[in-house]
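Working notes, structure below.
Number of protein chains: 2
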Amino acid sequence: MRNPQPMVELWRGGLLESQHLGHAVIWGEGGMIRSWGDPEKIIFPRSSCKMIQALPLVESGAAEAAGLTDRHLALSCASHQGSELHVEMTGRWLADLGLSERDLRCGAHEPYDHIERDRLIRSGEKPCQLHNNCSGKHCGFVTTTRHLKAGPEYTEIDHPLQKAIRQATEEITGETVAGYGIDGCSAPNFAMSLSGLARAMQAFSAATGAGDGRDRAMHRLTRAMADYPEMVAGEGRACTELMRAMDHKVAIKTGAEAVFVAIVPEKKLGIALKIADGSGRASEAAITAILADLGVLDPKHPMAQKRLPAEQLNRRGLRTGELRLSEGFL
Amino acid sequence: MRNPQPMVELWRGGLLESQHLGHAVIWGEGGMIRSWGDPEKIIFPRSSCKMIQALPLVESGAAEAAGLTDRHLALSCASHQGSELHVEMTGRWLADLGLSERDLRCGAHEPYDHIERDRLIRSGEKPCQLHNNCSGKHCGFVTTTRHLKAGPEYTEIDHPLQKAIRQATEEITGETVAGYGIDGCSAPNFAMSLSGLARAMQAFSAATGAGDGRDRAMHRLTRAMADYPEMVAGEGRACTELMRAMDHKVAIKTGAEAVFVAIVPEKKLGIALKIADGSGRASEAAITAILADLGVLDPKHPMAQKRLPAEQLNRRGLRTGELRLSEGFL
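Here the protein sequences come in this chain order: A and B. Residue numbering for the first sequence follows my numbering, beginning at 1 and increasing consecutively. Residue numbering for the second sequence follows my numbering, beginning at 1 and increasing consecutively.
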């Protein structure tokens, strides 16, 4: 077991103020290509594994039976910010299934999107489950559940949907799941090694769409995410902005507690990283740096520059701190 | 230089998900009593040193000349949440000086207080500088500046006010400042060792109010913070809730990037801690644990329980994770 290594630092007035350590793995066609920290670190992928959790939706035929488009599939892999776009689309998705927001099991929270948040506050409406950043995933879950004619409590660990997700997870990571926890949206989240997660992302990156059902599902989900970045997160967010900056050639996804994954089809690479302390500012900076280092993200692109090296400006526009890569990270 | 040590961890499904390392020092009458990690670590105290930054306000006679009460002084040491209480009091303070919000140099940001935030959104008002969490400190700054008949740009490093703060800082920490950075509110923030900060807090804890001007200023500021916890942060916040839980006997203050200090008069102790990665959830849990370990905070008090060991519940009330102390920390 190797220790996490320094990846991202906050500097202020010429002095190191805070430091983030992490683990990361790049997996290629022949296996592990590069690693930082401990590649065998057991992690919870949290929302970074939503494309794995969406595999049964496509593979079971549920997506096709429900007439889902690639925009729906992108939303099923999303941690969206509950903007009008996301709320309308999840609402219509459920209505088309003859279901409603009450059939979801994700809970409600204030949307991250400020326009929608302010609209709710002004109108006196309460946020509903459609505003939950995981509501797209849960729409996918109920779609699959209905197709499987399974019961409504689809977040329970022994529900047929969760069994199918566990099986897909084990097949694609090449390892037995190391346990599970309950995610913020009430769904089980299977623990796995970081290298298992990177290996799974590599499988997505190598899918051509011309193979078996698993291959076609992985290819379609990757394309859906990369083609519709605004569905996967939202305006201003790292996943959306960086996928656009990479010209829709790479699919990336963040997860709570500072997980980030990338699927790089043109190089048949999968990447997984976890910042040990759970800091999202660090995972965003680290994945930006790794993608730039691999040559798939232009480090001069404004959306890359926004994240690394990132000047911290205060409310009066003064430069206060700077987020930097740790020496020796790349 | 010693490495930071594990202090606080997030567990989920029986597995360690994220870990926070930190440094801490407890300083007593005879010097350092206990330390974790590197006591000589150079840190930016950020807002945790607001009571030091308020020393010139009291020592210069500016507070007395302006007729400031202990509630004003508590507010001058605050990182408040911009609730109606804080906005009204800072607004009146400035008006009493014949000044206005435009004389502040802290910048505006959306208040953390949701009642005031929602009111602004509903009325279409924009947040002003009074909503800035540092506006109380800046009211103190302009009060001192006016008393010193100094110029209006009081956040500049060579302004007489900042020179006075630097001098007080060096005297009370017993060390030359290790440089400075610009804080989020545009004021200089002097770098110091963690032990220097703990030593300064010990000086505050030992002040009796019966000594020289410095002693009286330290005693009054400590009493102001502990007596008016709602001015120092706000409802729901760690500083406010924990000072109430300790029956107003201890003054505590958080700072950005996971700094926390405590002044414990009944034991003549000063405490300073810094989580290396800058995580506020960890600094709150760690200071809660240290105060409980010292016997000045009842670990069974609901406000302590809220922070450690803290169950993480999701929007549907399900237990998802748990914040725990690292083994060997206490």
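Just so you know, even glycine gets a beta-carbon here, dropped at the ideal spot from N, CA and C. Quick caveat, the model's predicted, so the values are computed rather than measured.
Please tell me whether residue 26 (chain B) and residue 33 (chain B) are closer than 8 Å, where the distance is taken between their beta carbons.
In the second sequence, the residue the question calls residue 26 (chain B) occupies position 26. In the second sequence, the residue the question calls residue 33 (chain B) occupies position 33. Result yes, Cβ atoms of residue 26 (chain B) and residue 33 (chain B) sit closer than 8 Å.
With distances taken from CA atoms, which of A:67, A:253 and A:289 is nearest residue 381 (chain A)?
What is shown of chain A runs 1 to 330, which leaves residue 381 (chain A) out entirely.
With a CB to CB cut of under 7 Å and the five nearest residues on each side skipped, what residues in its chain are close to residue 307 (chain B)?
In the second sequence, counting from the first residue as 1, residue 307 (chain B) sits at position 307. So the qualifying residues of the chain are 238, 284, 285 and 288.
Can you give me, in chain order, the residues of the region 304-326 of chain B that have a beta carbon less than 8 Å from any beta carbon in chain A?
Hits within the stretch, in order: 314, 315, 316, 318, 319, 320 and 321.
Return yes when the Cβ of residue 255 (chain B) is within less than 8 Å of the Cβ of residue 76 (chain B), no when it is not.
In the second sequence, counting from the first residue as 1, residue 76 (chain B) sits at position 76. In the second sequence, counting from the first residue as 1, residue 255 (chain B) sits at position 255. It is not a contact, given that the beta carbons lie outside the stated cut-off.
Tell me whether residue 18 (chain B) is buried or exposed, calling it buried when 16 or more other Cβ atoms sit within 10 Å of its Cβ.
Here residue 18 (chain B) is taken as the residue at index 18 of the second sequence, counted from 1. Counting Cβ neighbours within 10 Å, residue 18 (chain B) comes out buried, since at least 16 surround it.
If residue 35 (chain B) sits next to residue 314 (chain A), beta carbons under 8 Å apart, how far is it from one beta carbon to the other, in whole angstroms?
If you number the second sequence from 1, residue 35 (chain B) lands on position 35. If you number the first sequence from 1, residue 314 (chain A) lands on position 314. 32 Å between Cβ atoms; not a contact.
Going by CA-CA distance only, name the one from A:273, A:182 and A:222 that's closest to residue 318 (chain B).
Position 318 of the second sequence, counting from 1, holds the residue named residue 318 (chain B). Selection A:273, A:182 and A:222 evaluated against residue 318 (chain B) yields A:182 as nearest (Cα-Cα).
Output the distance between the C-alpha atoms of residue 321 (chain B) and residue 265 (chain B), rounded to the nearest integer angstrom.
Numbered from its first residue, the second sequence carries residue 321 (chain B) at position 321. Numbered from its first residue, the second sequence carries residue 265 (chain B) at position 265. In a straight line, the C-alpha of residue 321 (chain B) is about 36 Å away from that of residue 265 (chain B).
Could you compute how far the alpha carbon of residue 235 (chain A) sits from the alpha carbon of residue 270 (chain B)?
Position 235 of the first sequence, counting from 1, holds the residue named residue 235 (chain A). Position 270 of the second sequence, counting from 1, holds the residue named residue 270 (chain B). Roughly 45 Å separates the two Cα atoms.
Ends of the alpha helix (DSSP H) at residue 199 (chain B)?
Start at 1 with the first residue of the second sequence, and residue 199 (chain B) comes out as number 199. Counting along the chain, the alpha helix (DSSP H) containing residue 199 (chain B) begins and ends at 194-206.
State the Cα-Cα distance for the pair residue 217 (chain B) and residue 326 (chain A), rounded to the nearest angstrom.
The residue labelled residue 217 (chain B) in the question sits at position 217 within the second sequence. The residue labelled residue 326 (chain A) in the question sits at position 326 within the first sequence. Using only the alpha carbons, I get a separation of about 42 Å.
So with CB distances below 8 Å, who are the chain B contacts of residue 17 (chain A)?
Taking the first sequence and counting its residues from 1, the one referred to as residue 17 (chain A) is at position 17. Within chain B, the residues placing a beta-carbon under 8 Å from that of residue 17 (chain A) are 43, 44, 181, 257 and 278, ordered along the chain.
Applying the 10 Å Cβ sphere with the 16-neighbour rule, what's the burial state of residue 163 (chain B)?
For the purposes of this step, residue 163 (chain B) is taken as residue 163 along the second sequence, with counting starting at 1. By the neighbour-count rule (16 or more Cβ atoms within 10 Å), residue 163 (chain B) is not buried but exposed.
Please tell me whether residue 244 (chain A) and residue 303 (chain A) are closer than 8 Å, where the distance is taken between their beta carbons.
Along the first sequence, read from residue 1 onward, the residue named residue 244 (chain A) stands at position 244. Along the first sequence, read from residue 1 onward, the residue named residue 303 (chain A) stands at position 303. Yes, the pair counts as a contact, with Cβ atoms nearer than the cut-off.
Closer than 8 Å by beta-carbon distance: list the chain A residues that pair up with residue 108 (chain B), in chain order.
The sequence position of residue 108 (chain B) within the second sequence is 108, counting from 1. Contact annotation for residue 108 (chain B) against chain A: 315 [CB-CB distance below 8 Å, chain order].
Have a look at B:4, B:3 and B:9 and flag the residue whose alpha-carbon is nearest the alpha-carbon of residue 282 (chain B).
As a working note, residue 282 (chain B) is residue 282 in the second sequence. Looking at the Cα atoms, B:9 is the closest of the given residues.
State yes or no: is the beta carbon of residue 186 (chain A) nearer than 8 Å to at least one beta carbon in chain B?
Sequence index remark: in the first sequence, residue 186 (chain A) carries index 186 (1-based). Yes, contact with chain B.
Kindly list the residues whose CB is nearer than 7 Å to the CB of residue 59 (chain B), restricted to its own chain and excluding five residues on each side of it in sequence; keep chain order.
Your numbering for residue 59 (chain B) matches position 59 in the second sequence. The residues are 213, 214 and 217.
Along the alpha helix (DSSP H) that carries residue 76 (chain B), what are the first and last residues, could you check?
Counting from one through the second sequence, the residue named residue 76 (chain B) turns up at place 76. That run of the alpha helix (DSSP H) goes 70-76.
Taking 8 Å as the threshold (C-beta atoms), are residue 21 (chain A) and residue 276 (chain A) in contact?
As a working note, residue 276 (chain A) is residue 276 in the first sequence. As a working note, residue 21 (chain A) is residue 21 in the first sequence. Yes.
Is residue 10 (chain B) close to chain A? Criterion is C-beta to C-beta, closer than 8 Å.
Residue numbering aside, residue 10 (chain B) sits at position 10 when the second sequence is read from its first letter. Interface residue, yes.
Return helix, strand or coil for residue 306 (chain B), following the three-state DSSP convention.
Residue 306 (chain B) sits at position 306 when you count from the first residue of the second sequence. Three-state DSSP puts residue 306 (chain B) in coil, outside helix and strand.
Pick helix, strand or coil for residue 20 (chain B), following the three-state DSSP scheme.
For the purposes of this step, residue 20 (chain B) is taken as the residue at position 20 of the second sequence. Note: residue 20 (chain B) maps to strand in three-state DSSP.
Have a look at the DSSP bridge pairing and note the partners of residue 35 (chain A).
Within the first sequence, residue 35 (chain A) is the residue found at index 35, counting from 1. A:25, per the DSSP bridge assignment.
Could you work out which residue in B:168, B:298, B:311 and B:273 is closest to residue 7 (chain B) when comparing CA atoms only?
In the second sequence, counting from the first residue as 1, residue 7 (chain B) sits at position 7. If you compare the alpha carbons of B:168, B:298, B:311 and B:273 with that of residue 7 (chain B), the shortest gap goes to B:273.
With 7 Å as the limit, tell me which residues of the region 153-171 of chain A have their beta carbon closer than that to any beta carbon of chain B; keep them in chain order.
Taking 7 Å as the Cβ-Cβ cut-off against chain B, none of the residues of the region 153-171 of chain A qualify.
With DSSP run on the structure shown, which of helix, strand or coil describes residue 325 (chain A)?
Position 325 of the first sequence, counted from the first residue, corresponds to residue 325 (chain A). In this structure, residue 325 (chain A) counts as strand in the three-state DSSP scheme.
Determine contact between the region 149-163 of chain A and the region 61-80 of chain A, defined as no fewer than three beta-carbon pairs at a distance below 8 Å.
Output reads no: the region 61-80 of chain A does not touch the region 149-163 of chain A.
Mark residue 95 (chain A) as exposed unless 16 or more other C-beta atoms lie within 10 angstroms of its C-beta, in which case mark it buried.
As a position in the first sequence, residue 95 (chain A) is number 95, starting the count at 1. Classification of residue 95 (chain A): exposed, given that the 10 Å Cβ count is below 16.
Could you work out which residues of chain B lie near residue 20 (chain A), taking near to mean beta carbons separated by less than 7 Å?
Locating residue 20 (chain A) in the first sequence gives position 20, where the first residue counts as 1. Correct list: 277.
Taking the beta strand (DSSP E) that residue 254 (chain A) belongs to, which residues open and close that run?
Reading the first sequence from its first residue, position 254 is the one you call residue 254 (chain A). Unbroken beta strand (DSSP E) run through residue 254 (chain A): 251-255.
Please report how far the alpha carbon of residue 293 (chain A) lies from the alpha carbon of residue 299 (chain A), in whole angstroms.
Position 293 of the first sequence holds residue 293 (chain A). Position 299 of the first sequence holds residue 299 (chain A). Approximately 8 Å, taken between the alpha carbons.
Would residue 323 (chain A) pass as a contact of residue 309 (chain A) if the rule is Cβ separation under 8 Å?
Taking the first sequence and counting its residues from 1, the one referred to as residue 323 (chain A) is at position 323. Taking the first sequence and counting its residues from 1, the one referred to as residue 309 (chain A) is at position 309. Result yes, Cβ atoms of residue 323 (chain A) and residue 309 (chain A) sit closer than 8 Å.
Got a sec, what are the start and stop residues for the beta strand (DSSP E) residue 6 (chain A) sits in?
Taking the first sequence and counting its residues from 1, one reaches residue 6 (chain A) at position 6. That run of the beta strand (DSSP E) goes 5-12.
Examine chain B for any beta-carbon lying closer than 8 Å to the beta-carbon of residue 236 (chain A), and answer yes or no.
Here residue 236 (chain A) refers to the residue found at position 236 of the first sequence. It does not; no Cβ of chain B falls within 8 Å.
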